[in-house]
Amino acid sequence: MRFIIILVAIALVFFILKKSLQQLISSNSKTRTKPQESMLPCEYCQTHVPASEAVHHAEKSFCKNQHLDAWLKENK
Ligand SMILES: [Zn+2]
39 MRFIIILVAI ALVFFILKKS LQQLISSNSK TRTKPQESML PCEYCQTHVP
89 ASEAVHHAEK SFCKNQHLDA WLKENK
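Numbered according to this note's numbering, the sequence shown spans residues 39 to 114.
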């Protein structure tokens, strides 16, 4: 009888470990598929744009090329 209880206890520990491991893997894959991208404010209109979509010039960021051009014309 004691043997069965130990067997069930081991099975239970395995089950819990497997569950927590799956949660760990799924939470990791979630962070991988949705990376936190920093938002940068446009120097011209102050609209926040993702860093990968922003236009960069002289350590400043812009939402589009037109705003970079407009900013350059105003800040000569
Ligand atoms: Zn802009």
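All C-beta atoms in this analysis are idealised placements derived from N, C-alpha and C, irrespective of residue type, glycine included. Model, not experiment: these values are computed from the prediction.
Which of helix, strand or coil DSSP assigns to Lys98: Note: Lys98 maps to strand in three-state DSSP.
Leaving out five residues on either side along the sequence, give the residues of the same chain with a beta carbon under 7 Å from the beta carbon of Trp109. Glu81, Tyr82, Phe100
Indicate whether Met77 and Val93 have their beta-carbon atoms separated by less than 9 Å. no
Quick one: Cα of Leu62 to Cα of Ile44, how far? 27 Å
By the DSSP assignment, the alpha helix (DSSP H) with Gln104 in it spans what residues? 103 to 112
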